[in-house]
Structures are given as C-alpha cells and as structure tokens.
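Below is one structure; the comments refer to it alone.
Protein chains: 4
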Amino acid sequence: MRRLRAGIVGGGRGAFIGAVHRIAAELDGQALVVAGAMSADAATARSSAEAWYLERSYDSYAAMAQAEAARSDGIDFVIVATPNHMHYPVARAFLEAGIHVVCDKPLAFAVTEAEQLVALVGSGKPLFALTHNYTGYPAVREARALVKNGALGELRKLLVEYNQDWLMTPLEQTGNKQAQWRTDPARAGVSCCVGDIGSHAENLLEFISGQHITALCADLTSFVAGRRLDDDANILLRLSGGAKGTLVCSQVACGEENALSIRLYGSKGGLEWRQQEPNTLLFKPPGAAWQNLRTGKHFSDPAAQAATRTPAGHPEGYLEAFAMIYRDFIADLRRVQRGEPPQRNYPGVHDGLRGLRFIERSVESSRRGAIWLDL
Amino acid sequence: MRRLRAGIVGGGRGAFIGAVHRIAAELDGQALVVAGAMSADAATARSSAEAWYLERSYDSYAAMAQAEAARSDGIDFVIVATPNHMHYPVARAFLEAGIHVVCDKPLAFAVTEAEQLVALVGSGKPLFALTHNYTGYPAVREARALVKNGALGELRKLLVEYNQDWLMTPLEQTGNKQAQWRTDPARAGVSCCVGDIGSHAENLLEFISGQHITALCADLTSFVAGRRLDDDANILLRLSGGAKGTLVCSQVACGEENALSIRLYGSKGGLEWRQQEPNTLLFKPPGAAWQNLRTGKHFSDPAAQAATRTPAGHPEGYLEAFAMIYRDFIADLRRVQRGEPPQRNYPGVHDGLRGLRFIERSVESSRRGAIWLDL
Amino acid sequence: MRRLRAGIVGGGRGAFIGAVHRIAAELDGQALVVAGAMSADAATARSSAEAWYLERSYDSYAAMAQAEAARSDGIDFVIVATPNHMHYPVARAFLEAGIHVVCDKPLAFAVTEAEQLVALVGSGKPLFALTHNYTGYPAVREARALVKNGALGELRKLLVEYNQDWLMTPLEQTGNKQAQWRTDPARAGVSCCVGDIGSHAENLLEFISGQHITALCADLTSFVAGRRLDDDANILLRLSGGAKGTLVCSQVACGEENALSIRLYGSKGGLEWRQQEPNTLLFKPPGAAWQNLRTGKHFSDPAAQAATRTPAGHPEGYLEAFAMIYRDFIADLRRVQRGEPPQRNYPGVHDGLRGLRFIERSVESSRRGAIWLDL
Amino acid sequence: MRRLRAGIVGGGRGAFIGAVHRIAAELDGQALVVAGAMSADAATARSSAEAWYLERSYDSYAAMAQAEAARSDGIDFVIVATPNHMHYPVARAFLEAGIHVVCDKPLAFAVTEAEQLVALVGSGKPLFALTHNYTGYPAVREARALVKNGALGELRKLLVEYNQDWLMTPLEQTGNKQAQWRTDPARAGVSCCVGDIGSHAENLLEFISGQHITALCADLTSFVAGRRLDDDANILLRLSGGAKGTLVCSQVACGEENALSIRLYGSKGGLEWRQQEPNTLLFKPPGAAWQNLRTGKHFSDPAAQAATRTPAGHPEGYLEAFAMIYRDFIADLRRVQRGEPPQRNYPGVHDGLRGLRFIERSVESSRRGAIWLDL
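Protein chains in written order, with my numbering: chain Y, 3 to 377; chain L, 3 to 377; chain D, 3 to 377; chain F, 3 to 377.
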C-alpha cells in the first residue's frame with residue numbers, strides 16, 4: 003500500500019482549475035501528483051512543474067503518456083485539465099496507453115468526440131472519471147438519497163440555476179485567457195454559457211433527480227456585444243419521470259459569483275440546495291416545518307456521511323467536494339489494482355455524453371427559434 | 003375633512019381577502035367600512051356585516067350601488083372582493099352609479115370583460131384601483147426607482163417566481179371554498195395558477211422593470227389528478243426593452259408558502275427581492291459588495307420612504323403593503339373631491355387588461371404545445 | 003355591540019409611537035380613537051387631533067379624564083403615549099376616573115411610582131395593559147408555549163439582545179425630540195438604553211422563559227461624549243429556574259436597526275427568534291435537524307395561531323404584533339362590559355414593576371463597579 | 003526546493019484533529035507528513051502510521067525527536083496534536099532537538115508551562131506556531147484589516163460567541179475519548195469549555211480587534227450532572243482600547259454545531275462574521291446599507307486575498323483556513339532555511355500564553371463569585 007502517483011496535462015500557471023485538481027487529488031493523502039505536461043508552451047510547462055515540485059515534466063502529453071506507461075514507477079492515473087478541445091485527444095492518448103483518466107468537464111468538444119470516448123472506455127480497462135465536482139458535496143448526495151428513498155414522492159417541478167457575472171463585460175477582448183478560450187468556438191465548442199456551467203446544472207439535476215432530460219426549449223442569448231457564443235440561457239425542461247422544470251444559467255448576471263442552486267418539488271416533499279452555502283440542505287415536508295439538513299450529522303444519510311471529512315459546523319467547501327470525486331475514483335482504482343470489479347460511483351463518459359447532447363440540443367433549439375427538441 | 007366611507011361587496015365569513023381589504027382600507031385612519039353586500043347568501047351577508055359593525059347591510063350589490071349613490075352620506079368608494087367572475091358586473095354597477103371602485107385582481111373573468119372595464123373607466127369619472135398589492139411594498143418601490151434611475155443599466159435577465167403549495171392535494175374535493183372557486187372554470191376563468199398568482203408575478207415584473215412582456219412560451223400543467231385548471235407553470239419571456247427571462251409559478255410546490263420573488267440583472271447592476279422577507283432589497287453592483295437596501299432608511303428613495311410607516315427594523319408586512327394601494331387611491335380620491343386631477347399612482351384597468359391577456363395567452367401557448375406567442 | 007371608543011394622551015405630531023398606538027388599537031375593527039389630549043402644547047394638541055379626525059380634543063389630560071368619564075358616549079379606554087415621566091400621573095388620572103388604561107412602557111418613571119400603580123390597579127376595577135408589544139408576535143407566543151409544554155426541557159442558557167444605532171452620535175444636541183427626552187434624566191428616568199430597550203429585552207426573556215431574573219451584574223456605558231445616561235449595557239443574568247444568561251443592549255451598535263433577538267437553550271431543545279424577521283422561529287432539537295417554525299401554519303400552537311391574521315407567507319410585522327396587545331386587551335374589556343371576569347392575557351402592572359426594578363438595579367450594579375445584585 | 007518533511011505526534015486513529023492537521027499541512031503542496039509517533043499505544047501508533055503511508059513510525063515522541071534530528075533527511079517540522087497535558091513536554095522535546103513546531107491549542111496545560119514555552123521559544127531558533135485556525139479565514143483577515151485601517155473608528159462594543167452542544171449529555175461517561183480527556187482535569191487543565199473553545203473566541207477577538215482583554219467577570223457552569231469541569235460560560239469583558247463586550251461559550255447549547263461568531267461595533271462602522279458561513283463578512287457603515295464583503299473578490303483587502311485559494315463563490319471552509327496557518331508557517335520556515343528573518347504572521351507562544359491566562363482567570367473569577375479580575 004502506498005500513495006498513488008498521478009500525472010497532469012494542462013493546469014499550468016495562469017490556469018485556475020489545475021491547482022484545484024492537484025489539491026483535490028491529494029487531499030485524502032491517497033495520491034501525489036508527480037508528473038505533468040502542464041502547458042503546450044514548453045517553458046511554461048517546465049516552470050509550472052517546478053513550482054509544484056513534480057519529479058517529471060514533459061513537453062507534450064503524447065510523450066508523457068508513452069513514457070509513463072513504460073516506467074515501472076509510472077503514474078497510476080492522469081488528470082486532464084486542458085481547455086475543452088483538448089479533452090478528447092489527451093484522454094484518448096492515456097486510455098490507449100492503459101492509464102486511468104480523470105477528465106475535466108465537459109467530456110469533449112462535441113457529441114461525436116464524446117461518443118468515441120464512450121466506445122473507447124467501454125471497450126478498455128482503464129477507468130474514467132469526469133469531474134462534475136458539484137456531485138461531490140455531501141448535501142448533494144443527501145438530496146439524491148432522499149429522492150431515491152421516496153422522501154419527495156413523485157417529482158413534479160425541478161428548478162436548477164447557475165448564474166455568474168464574470169463575463170458581463172467583453173473580458174475576452176482584454177487578454178483574459180479564461181475568457182478567451184471559453185468564448186472561442188474553436189476551443190470551447192458550440193456554447194460558452196451552456197457548455198461551461200449549464201452542463202454542470204444539467205448534470206446536477208439528473209444526478210439528484212435520477213431522471214433524464216427528455217425534451218427542452220432553450221432561449222440562448224449573447225448579451226455582450228461582439229461575443230461569438232452564448233452568455234445566457236433560459237431553458238424549459240421535461241424529464242423522463244414526468245417532472246417539468248427550468249434550467250437558467252448566465253455569465254452576465256451582475257453580482258452573482260457562482261450561484262448554482264437546485265430546488266425539487268415532489269408530491270410528498272421539497273428540497274433546496276445552494277452551492278454557495280453548501281452545508282445546508284433544506285427539506286420541505288408537506289404541512290410541517292422545514293428542516294435544515296446540515297451535513298456531518300449523525301442523522302445524515304450514509305451516502306452523505308461518507309462524503310464528509312469534518313464534524314457538523316466545520317464547513318466544507320468547493321475543494322472538499324471536488325476531492326470527493328477523486329476519493330471515489332481512487333477507491334475504484336484500488337479495487338481494480340486488487341483485481342476487484344470497479345463500482346464507478348462517480349460521473350463518467352455516459353454522463354459526459356448526455357451533457358454534450360444537452361449542450362448541442364440547447365444551441366440548436368435556440369437557433370431554430372427556441373423550439374422544443376427531444377434529447 | 004373626515005374619514006371616508008367605504009362599502010364592500012363580497013368578503014363575507016369564510017373569505018380570506020375580505021378582512022385584508024378592510025384592514026388595508028382603514029389602516030391609515032382615512033377611511034371606515036360602513037356598508038356592505040358581503041355575500042350572495044343573505045344570512046351570511048347580514049351576519050358578516052354585523053360582525054364588522056357595519057351601519058348598512060345589503061342583500062345584493064345592485065341594491066347597494068343604487069341606495070348608496072342616492073344617500074347624502076353614501077359611501078365614497080366600494081371594495082370588490084368577490085370571486086373573479088363577479089368582478090366585472092359588480093365593478094360596472096358601482097362605476098355606473100358614479101362610485102369609485104377598488105377591485106381585487108385579476109381585473110375580470112376574461113379579456114373581453116377587461117376591455118369593457120377599460121372603456122368604462124376611460125369614459126367616466128369614478129376612479130378605479132386594482133389591488134396588485136405587492137406593488138405596495140416599499141422595497142418594491144425602491145426597486146422600481148432604481149431601475150428607472152438607471153442603477154441597473156440596460157436590463158438583460160429577469161427572473162420572477164411565485165410558488166405556493168396549498169393546492170398540492172385535491173383540496174377542491176374536500177369542500178374548501180377557496181379551492182373550489184379557484185379551480186372552477188366557471189368562476190375563476192381559463193386558469194387557476196397563472197390567473198391567481200402568475201398574474202401577480204407578471205404585474206410585479208412589469209411594475210419594477212418598466213417593460214412589458216411582448217412574447218411568451220408557456221408550459222402549464224395540472225399535476226393533481228382531476229383538477230380542471232392548471233396548478234403549475236414554467237414560462238419563458240421576452241420583454242419590450244430587450245430583456246429576457248422566466249416566470250415560474252406553482253400551487254403544488256411542496257413546502258412553499260407564498261414565495262413571490264424577483265431578480266433583475268442589468269448591464270450595471272442586479273436586484274433581488276423576496277416577498278416573505280419584504281423589508282430587504284439586495285442591490286448587486288458590478289465588482290463591489292452587495293448592499294442590503296433595507297426599508298425605512300434615510301437613504302431610501304423618496305418613493306420607498308413614502309411607502310413606509312415605521313422606522314427601519316420595525317418590520318412591515320403584507321397588510322401594510324396592501325394598505326399602500328389604499329393610501330394612494332384615497333389620496334387620489336381626496337384630490338378628485340377637491341376638484342384636482344387624479345394622479346393614478348396605483349395599478350388600474352390597463353394593468354388589469356395586460357394581466358388578463360397574459361393569462362389567456364399563457365393558456366393558449368400551453369395548449370398549442372408550449373409555443374411562442376406574442377402579447 | 004359596537005366598535006369601542008378610545009382616547010389618547012400624547013402622541014401628537016413629531017411623536018413616533020402615537021400613530022403606532024392608533025393603528026394598533028383600530029387594526030381589528032374593534033375600536034376607534036375619537037378623543038385626545040395629544041400634546042402639552044395646546045396648538046399641537048388641536049392640530050394633531052384634527053389630522054386624525056378626532057371628535058373631541060382636550061388641552062389637558064386631566065380635563066379629558068373628567069369630561070370623558072362624565073359623558074354617556076365617553077371613551078371606553080385611554081392610550082397613554084407620553085414620555086416616561088408622564089406615564090404615572092396620566093394613568094392615575096384615568097384609573098381614578100374609572101377609565102381603562104393602555105400604557106406605553108416602561109410602566110413609570112421610577113420603581114416608587116410603579117409600586118403605586120400596582121396598588122391602584124389592584125384595588126380598582128379598570129383594566130390596565132402595558133404595551134410590551136414584542137410579546138404580541140405569534141412566534142413569541144409559539145416560543146412561550148414550547149417552553150411551557152416542556153419542548154426545551156430544563157432551561158440552561160438564555161441569550162437576549164436588543165441593539166440599535168440611532169444614538170451613536172449626540173443626536174440629543176441636534177434638536178431631535180425623541181433623543182432629547184430619552185437622554186434626559188428628568189423625563190426618561192435613571193437610564194436611557196436599559197430603560198428604553200433593555201426593559202423590552204428583559205420582558206421578552208421573562209415572557210418566553212416563564213422565569214424571573216433573580217440576580218444581575220451590569221456593565222453600563224455612555225459611549226457618546228456628553229451623554230447623561232447610558233447608551234450601552236452588557237449584563238450577566240441568573241434566573242429563578244436555574245438558567246443563566248446574558249442581556250446585551252445598545253443604542254450605539256453601528257448599523258443595527260432594531261435588532262431584538264432571543265435564544266434559549268434547554269436540556270431538550272433550543273429556540274431562536276429575531277424580531278426583524280419575525281415570522282420564523284427556529285427550533286433546535288437535540289441530534290436532529292433544525293425546524294423553521296413559521297407562523298400561520300396549521301401545526302402552530304393554538305396560542306400562536308390565535309395571534310396571526312394572515313396565512314403563512316403573508317408576512318406580519320411590528321404593527322400587527324402591537325395590535326395583538328390591543329386585541330387581547332379589548333377582548334378583556336368586552337368581558338368586563340359583559341360582567342365576566344377579565345383574563346389579563348397581556349402585560350400589566352406587575353410586569354411593569356419588575357421592569358422598573360430591573361432598570362434601577364442595573365444602573366445601581368453598574369455604578370457600584372458592575373457587581374452582582376439580587377432582584 | 004522540495005516539499006518539506008513533516009512529522010506528527012498524536013492524531014492516531016480515533017482522533018479528530020490529527021487528520022485535520024495532515025490535510026492542512028499538505029494542502030498547498032508544500033509539505034508531506036512522513037514520520038509520526040501517533041499514539042502512546044504502540045500498536046495504535048503503528049497502524050495509524052501505516053494507514054497514512056508514513057515512512058517512519060515511532061513508539062515515543064522522545065525517540066522521534068532524537069532520531070529525526072539526527073537524520074540528514076529528517077523532518078523539517080513537527081505537528082503536536084496530543085491532548086493538552088502533552089503539549090508542553092512534546093513541544094519542548096522537539097524545540098530542544100532544534101526542530102520547528104506547530105502545536106495545537108491551547109498552548110499548554112497551565113500558565114506556568116506556557117511561560118516556560120515562551121522562554122524556550124524566545125531563546126532558541128526553532129519556529130513555533132499555534133493553530134488558532136480560525137484566524138486563517140480570509141474573512142477574518144479582512145475584518146482585522148478593516149479594524150486596523152480605521153474603517154470601524156474607535157471600537158466600542160465587541161460580542162464574541164462560541165456555542166456547541168456536543169457535551170449536552172454526560173458523553174464522557176459513555177466511553178467517548180474526545181469527551182473523556184476534555185472533561186478530565188488531569189488532561190485538559192482547569193477548564194473544559196473555556197479552555198477548549200472559549201480560548202478560540204478570546205484569540206479571535208484579540209486578533210481582529212487588535213486589543214487585549216484587560217479585565218473579565220466570568221460566570222462558569224457545569225450544567226451536566228457529574229461533570230468535573232465547566233461546560234458553559236458567560237463572561238463580561240473590558241479591553242485595552244476602551245471597548246467593552248461579552249464572550250459567551252457553551253458546549254451544552256442544544257442544536258448548535260460549531261457556532262463561533264463575532265460582532266464588532268465602533269464609532270464609524272460595524273462588522274459581523276459567522277464561522278459556519280465563513281465566506282461572508284458583513285460590514286455595517288453608519289447611515290448606509292450593509293455590505294456583504296464576500297471573500298475572493300477583487301475588492302478584498304490584500305491580506306484577505308492572500309488567504310483565498312478559489313474565486314468568489316467557490317466556498318472555502320474549515321480545512322482551508324486551518325491550512326492558512328500552515329501556509330504562513332511554512333513560508334516562514336522557508337525564510338529561515340534561506341537565512342532570512344522570520345515574519346511570524348501566525349499565532350505563537352505569546353498568544354498562547356494570553357490564552358492560558360484568560361482561561362485561568364476566568365475559572366478563578368467564577369470560583370470567587372463571578373467577580374472582576376484583571377488580566
């Protein structure tokens with residue numbers, strides 16, 4: 003037994019999500035990032051690796067995949083933290099080299115690539131996790147368990163939102179790298195707002211509700227002049243189990259930071275969760291007082307208890323939730339190393355493919371006049 | 003100078019809104035309810051009038067309109083607090099008798115009736131107020147002033163909601179009178195949820211934003227088996243000034259009491275208000291801290307200050323807001339009595355007509371497959 | 003049966019609390035204010051009475067007491083809304099004239115006067131209510147019922163606060179009348195902050211807990227230069243049932259409006275209530291989720307249900323709570339008029355006397371070095 | 003440049019705080035825990051070390067100090083995560099071996115030991131950090147900066163609280179180890195509640211206010227039958243800069259999890275922070291709207307910005323704040339390794355000594371009748 007060895011592609015200086023992945027991967031003391039191809043720019047790649055005290059730095063992900071696969075002390079898994087258009091080629095290279103993959107979302111640049119990844123993962127041994135990190139919050143797992151256990155009865159109305167304001171001005175014209183690639187069709191894909199955050203909302207909704215979106219009617223807008231992709235969306239939804247709802251997302255909602263929230267209403271109860279105060283889940287029974295289901299409690303659902311690291315009142319946040327995806331993935335990797343079958347208790351390629359379809363259908367619906375389309 | 007004399011039609015024992023109207027009309031010490039035709043049932047009418055110490059009780063609104071118009075000490079205005087299908091005939095009777103009218107919302111049973119009231123009020127002298135009471139909150143008036151003054155810049159995204167749960171079971175089958183008439187097409191009109199509360203949300207949105215809804219795409223549902231009218235709606239909106247948004251309303255949202263809320267996002271600021279904690283308005287400037295604009299402050303907009311009766315921290319609520327419609331109406335009535343022109347600083351027939359059109363178009367959109375319709 | 007006739011002493015133009023008393027007395031349609039001696043200044047008295055459409059205006063409270071007692075249509079009760087030093091003489095005049103009294107708090111200028119009022123009320127027929135208005139909130143009555151019913155077990159820790167900021171500058175030196183009399187020992191008594199708001203906190207604590215304060219250790223301060231009375235206090239408490247706690251009050255707590263709150267912790271549960279969001283009471287069971295006990299619910303305690311006028315989600319506030327004292331007082335007055343014994347379900351002279359003792363002992367404790375004193 | 007090597011004493015299986023220290027020490031990728039004497043019980047020590055993949059496990063802290071000091075690849079610093087009575091001997095052993103120390107709070111078992119540690123650290127080279135982890139929150143650093151910059155003016159009133167409920171029953175009689183040592187005078191010292199959490203509150207108050215407590219009047223209680231140390235305290239405070247306040251702490255406050263909060267009121271502004279929602283700091287200016295100073299914003303004070311790892315809206319929590327103490331300590335250790343003078347931007351022995359004095363004086367004050375004592 004030892005700490006696992008991880009590698010990372012992307013995430014070099016200037017990136018936000020790279021450091022998040024490192025912290026999340028290492029948080030439970032089960033893995034260490036030791037190798038990386040942290041940037042397409044060789045100098046940045048090297049200085050980034052140095053700053054992280056990596057043992058091995060590569061100039062290209064392809065070289066890294068080959069070299070690590072060949073080493074007896076090579077990495078156990080790789081983290082893909084590149085812009086969207088590089089998810090597929092990088093993930094593919096490591097999967098083909100027999101190395102397990104943790105990939106940032108969305109799964110790929112387009113549905114076609116996503117379908118290929120589904121095929122690739124389905125036919126091979128390496129594990130694949132997609133960091134839909136918001137599903138790692140204990141309160142989200144509590145919510146999912148409550149729905150599953152019937153505490154809400156038959157779901158009727160689902161309201162999910164994800165609002166930010168960081169793109170409310172033409173930030174991509176000021177040299178901001180995050181804004182540049184996310185608003186660039188060549189690197190982000192067909193959508194900015196729906197692709198970047200709407201897909202998180204879609205995933206959260208399906209994760210908690212246990213239902214799939216079957217039809218949508220999407221009204222997308224680019225409010226900021228000169229922007230090439232959407233920065234706002236209002237979407238009507240119908241779900242597989244008969245529920246209806248709305249998915250609202252925006253990157254121009256002035257004053258909002260990272261306001262992901264979800265409310266579910268069923269025939270026997272309601273639920274409400276807000277990511278910015280993630281340790282409280284409101285349960286709304288019919289004709290009785292609302293209950294503040296806090297995390298880390300003895301009465302929490304086992305699935306939620308398993309996702310907490312501190313006692314109630316010691317708030318856990320974004321990094322801890324992100325690290326929960328890694329915890330579950332690493333547990334699976336240990337199983338595979340022991341010769342046991344994996345359990346796949348984390349988002350994977352199928353979730354990613356549904357996400358891509360959601361993104362593309364939303365864009366298509368809006369282009370055709372905000373009409374209803376099946377998913 | 004004296005307290006004005008008011009009459010009331012409807013609002014007898016068992017009704018909720020009758021007592022609200024009485025308190026609201028009398029709160030500022032400017033009026034007293036002295037006469038009434040409080041029920042179609044004569045015994046109920048009499049006992050209700052007695053319980054309120056009314057000086058004069060009538061068996062029918064028609065008799066009341068005639069008699070009061072003839073008295074030298076007749077009522078100065080009448081309150082119409084009947085179910086929807088009786089708004090038009092009652093209002094018409096008093097208007098034709100030359101008596102000013104305060105009418106509960108929605109304005110009428112259908113657009114056609116609403117159009118006739120518009121014509122009637124437009125051609126006559128009596129004043130007409132529609133109790134879209136939520137516009138009476140000081141924070142709502144502050145919000146409207148902020149939008150008008152440009153504090154939000156160009157409006158982009160508008161999210162309005164009105165969720166309740168009181169009809170989440172088939173209450174109308176248990177003898178509940180409120181539920182019975184509201185779910186009965188013959189008394190409520192073409193819609194239950196959109197008509198009863200969606201129209202409040204629509205009015206609030208237009209009141210604060212200063213924009214009109216120009217197109218909608220509405221997905222209405224009757225979740226409760228056997229219900230003849232909608233009890234839930236998700237609606238996409240486009241507004242006259244270029245903003246887009248959603249209007250969500252429900253009477254089956256388990257755990258929700260009277261959750262009316264609105265959020266507005268513009269190019270220069272955001273606003274958020276929730277009716278259940280009505281004395282706080284959140285202002286969200288770009289790149290700066292959110293501000294809790296509490297009511298009753300020295301820094302409040304004059305329009306908001308004029309709508310408060312207590313200092314900051316002494317919470318005002320539903321009744322006070324309702325009474326603000328009466329305060330403005332009574333001030334107008336005093337103007338007219340002094341021979342001055344009325345100012346009409348309260349919702350009226352035009353707002354009511356737009357509300358009816360919103361209701362009917364929502365129902366039509368939904369029936370035709372949740373398609374887009376112009377308003 | 004008729005609306006009762008009320009008179010008022012004090013509350014003329016410029017006063018805040020006068021209008022509050024009128025609205026509260028009339029809110030339920032059971033009384034009308036018809037007579038008044040609204041100011042010691044005759045012109046102000048007259049113009050104030052005119053603005054309220056009073057039928058009879060008096061230049062002095064003594065003349066009013068005599069005249070009203072003599073009329074067949076004289077007032078049923080009087081409202082005493084003067085500064086503190088005038089509570090006793092005015093209340094005494096009306097009590098001696100056989101007229102029921104509703105008096106603003108604190109009961110009197112000093113303990114000695116309070117004791118005389120206790121004697122006077124004890125030996126006579128007229129009813130006496132003291133407007134400790136915060137006990138009129140439905141959530142406060144729910145809290146009291148929960149404690150009484152044992153839902154909290156044995157009380158251990160009680161934390162009550164009342165913080166404002168309106169005296170954080172030397173407002174009394176700028177001509178503000180409210181500030182002038184409240185900081186003037188000749189009109190307010192021995193204390194400003196403890197007398198004005200600390201006494202509300204003390205009353206609320208005793209009302210909900212059902213225990214009396216038996217000892218205190220008070221640290222009072224006048225933070226604003228030149229101020230003659232305290233504007234801030236921190237007080238340790240011990241209670242008759244074994245609980246301990248703190249009472250914190252301030253009129254210099256920058257940014258606070260009217261932040262009265264109470265938290266109670268017992269061996270079996272906890273409670274929390276905040277006046278500025280008065281329709282929520284938090285119940286904290288051991289080892290289970292907090293419950294938001296909202297007002298106006300079917301599950302509310304009957305005592306709380308009896309104190310609501312609107313359904314859940316239609317927020318009630320300061321005026322409604324104030325009016326609840328009047329509702330209970332008027333119900334008693336009707337009982338007495340019908341020859342039935344009064345029930346005295348509202349604060350009275352005994353509560354007022356305890357309040358005065360609390361004020362005086364707090365001042366004494368602080369003067370002697372913040373030492374412990376029995377109450 | 004490399005990751006630093008850390009060792010740990012205590013924190014074996016069953017302990018809560020050990021894992022917290024490991025995560026906090028490693029979070030920023032600057033250190034790895036590689037050695038430990040994790041329990042006085044040899045088997046537990048070994049199995050705990052194995053579970054963490056430690057390279058070296060010791061049976062005693064003394065052996066560990068000697069061996070690590072002798073190795074060329076020995077640990078750079080040690081973490082002391084034992085019960086209170088072992089802080090002093092363990093810290094001393096490592097300091098004397100020339101190894102830097104991070105020690106859990108309180109600093110020691112008693113004032114006398116604390117004084118010896120002050121002397122020891124003052125005369126030697128090794129660095130010493132005390133994990134008053136709550137000072138690591140960005141909002142706490144923002145608060146401290148605001149006070150320092152004069153945004154609050156002259157401080158007047160300070161209210162600090164720390165309430166929990168985990169000891170509301172005689173948990174120490176059920177075999178719970180955490181409860182056993184904390185309520186045992188031989189291991190915890192003279193106090194349970196004040197020692198364990200009151201000292202955090204005291205430290206937070208002094209950290210933010212920049213003032214020291216100069217006098218106190220403490221009323222301590224053991225509410226749970228059979229408990230040998232206090233489980234609740236209400237304390238009046240006077241501070242060096244003229245402010246007054248209260249410190250309230252409890253381990254029997256039913257329903258409270260880890261409710262540490264602080265409010266400060268000055269002549270020019272107010273502040274409020276609550277640990278359970280740690281990313282919001284409320285700033286209360288006089289006569290203007292409250293501002294929600296969220297963490298991770300461009301407008302945050304540099305001291306606060308330096309203490310965030312994620313953008314606004316990606317909540318940070320307890321572990322991140324704890325890790326901030328380590329980040330500052332490690333930065334200092336790097337300075338020392340580079341031959342630069344340390345900056346000591348983290349709590350140290352002097353804070354610890356003040357904390358011990360606060361604990362002992364509180365207990366003494368209470369024993370002598372809750373009298374005032376100087377600090």
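In this text, a Cβ means the ideal position worked out from N, Cα and C, and glycines have one as well.
ask   = So which of D:277, D:93, D:360, D:133 has the shortest CA-CA distance to residue 121 of chain D?
value = That would be D:93, whose Cα lies nearest to the Cα of residue 121 of chain D.
query = With contact counted as at least three CB pairs below 8 Å, one residue from each stretch, are the region 273-283 of chain L and the region 128-144 of chain L in contact?
reply = In short, these stretches touch, since the Cβ pair count reaches three.
ask   = If you compare alpha carbons, which of L:318, L:197, L:148 is closest to residue 271 of chain L?
value = With distances taken between CA atoms, residue 271 of chain L lies nearest to L:148 out of L:318, L:197, L:148.
query = At what residues does the alpha helix (DSSP H) containing residue 168 of chain D begin and finish?
reply = No alpha helix (DSSP H) holds residue 168 of chain D; DSSP gives it neither H nor E.
request  = Give the residues of chain D in contact with residue 278 of chain L, contact being defined as C-beta atoms less than 7 Å apart.
outcome  = By Cβ distance, chain D contributes 315, 317.
query = Can you give the beta carbon distance from residue 364 of chain L to residue 200 of chain L, rounded, assuming they're within the 8 Å contact cut?
reply = That pair is a contact at about 7 Å.
Beta-carbon spacing of residue 440 of chain D, residue 377 of chain D below 8 Å = Chain D is shown only over 3 to 377; residue 440 of chain D falls outside these bounds and no answer can be derived.
query = How is the beta strand (DSSP E) around residue 285 of chain F delimited, first residue to last?
reply = Taken as a continuous stretch (DSSP letters only), the beta strand (DSSP E) holding residue 285 of chain F covers 282-286.
inquiry  = If contacts are defined as beta-carbon pairs under 8 Å, then residue 142 of chain D and residue 105 of chain D qualify, I think. What distance do you get, rounded to the angstrom?
reply    = Taking the Cβ atoms as the reference, residue 142 of chain D lies roughly 20 Å from residue 105 of chain D, outside the contact range of under 8 Å.
inquiry  = Quick check: the Cα distance between residue 22 of chain L and residue 185 of chain F, rounded to an integer number of angstroms?
reply    = Taking the straight line joining both Cα atoms gives about 57 Å.
query = Which residues, in order along the region 288-301 of chain Y, keep a beta-carbon less than 9 Å from a beta-carbon of chain D?
reply = Those residues of the region 288-301 of chain Y that come within reach of chain D (Cβ to Cβ, closer than 9 Å) are 289, 290, 291, 292, 293, 294, 295, 296, 299, 300, 301.
key: residue 350 of chain Y and residue 130 of chain Y closer than 8 Å at C-beta   = Residue 350 of chain Y is a Cβ neighbour of residue 130 of chain Y, given a cutoff of 8 Å.
query = If you drop the 5 nearest sequence neighbours on each side, which residues of the same chain put their C-beta closer than 6 Å to that of residue 224 of chain L?
reply = Only 232, 233 meet the Cβ criterion.
query = Shortest alpha-carbon distance to residue 205 of chain L belongs to which of L:114, L:102, L:162, L:35?
reply = Proximity to residue 205 of chain L across L:114, L:102, L:162, L:35 peaks at L:162, based on C-alpha coordinates.
ask   = Between residue 203 of chain Y and residue 262 of chain Y, is the Cβ-Cβ spacing less than 8 Å?
value = The answer is yes: Cβ separation under 8 Å.
ask   = Any Cβ of chain F within less than 8 Å of the Cβ of residue 312 of chain D?
value = False, the Cβ-Cβ gap to chain F never drops below 8 Å.
query = Should residue 216 of chain D be flagged as near chain F, meaning a C-beta pair shorter than 8 Å?
reply = Not one beta carbon of chain F lies nearer than 8 Å to the beta carbon of residue 216 of chain D.
query = Rounded to whole angstroms, how far is the Cβ of residue 24 of chain L from the Cβ of residue 54 of chain L, which I believe are closer than 8 Å?
reply = The Cβ separation is near 7 Å, so the contact holds.
inquiry  = DSSP has residue 35 of chain Y in a bridge; who is on the other side?
reply    = Answer is Y:8.
key: Residue closest to residue 338 of chain D, alpha-carbon to alpha-carbon, out of D:69, D:65, D:34, D:78   = Considering only alpha carbons, the answer is D:78.
query = In the structure shown, what three-state DSSP assignment does residue 86 of chain L receive?
reply = If DSSP states are grouped into helix, strand and coil, residue 86 of chain L belongs with the helices.
ask   = Checking contacts by CB at 8 Å: is residue 223 of chain Y closer than that to chain L?
value = At a cut-off of 8 Å between beta-carbon atoms, residue 223 of chain Y makes contact with chain L.
request  = Anything in chain Y within Cβ reach of residue 328 of chain F, meaning under 7 Å, just list it in chain order.
outcome  = Residues of chain Y passing the Cβ test: none, with the nearest at roughly 13 Å.
key: Pick from F:132, F:102, F:89 that is closest to residue 114 of chain F, judged by C-alpha positions   = When only C-alpha atoms are compared, the closest one is F:89.
request  = Could you tell me the boundaries of the alpha helix (DSSP H) in which residue 246 of chain L lies?
outcome  = Run containing residue 246 of chain L: none in the alpha helix (DSSP H); it sits in the beta strand (DSSP E), 246-252.
inquiry  = With a threshold of 8 Å between beta-carbons, can residue 267 of chain D be considered close to chain F, or not?
reply    = At a cut-off of 8 Å between C-beta atoms, residue 267 of chain D counts as an interface residue with respect to chain F.
query = List, in order along the chain, the chain L residues whose C-beta lies closer than 9 Å to that of residue 252 of chain Y?
reply = Residues of chain L with a Cβ closer than 9 Å to the Cβ of residue 252 of chain Y are, in chain order, 158, 159, 267.
request  = Flag this pair as yes or no: are the beta carbons of residue 96 of chain L and residue 67 of chain L separated by less than 8 Å?
outcome  = Cβ distance < 8 Å, so residue 96 of chain L and residue 67 of chain L count as in contact.
request  = Starting from residue 260 of chain F, find everything on chain Y with Cβ-Cβ shorter than 8 Å and list it in chain order.
outcome  = Listed along the chain, the chain Y residues whose CB falls inside 8 Å of the CB of residue 260 of chain F are 313, 314, 315, 316.
Own chain residues within Cβ distance below 6 Å of residue 29 of chain F, not counting five before or after = For residue 29 of chain F, where only same-chain residues beyond five positions count, the Cβ hits under 6 Å are 325.
inquiry  = Quick check on the burial criterion: 16 or more other C-beta atoms within 10 angstroms. Buried or exposed for residue 70 of chain L?
reply    = By the neighbour-count rule (16 or more Cβ atoms within 10 Å), residue 70 of chain L is buried.
ask   = CB residue 300 of chain D to CB residue 289 of chain Y, shorter than 8 Å?
value = Yes, they are a contact pair.
ask   = What are the boundary residues of the alpha helix (DSSP H) that residue 232 of chain F is part of?
value = That residue, residue 232 of chain F, is in no alpha helix (DSSP H); it is neither H nor E in DSSP.
Chain Y contact residues for residue 356 of chain F, given Cβ-Cβ distances below 9 Å = Per Cβ cutoff of 9 Å: no residues; residue 356 of chain F is ~24 Å from chain Y at best.
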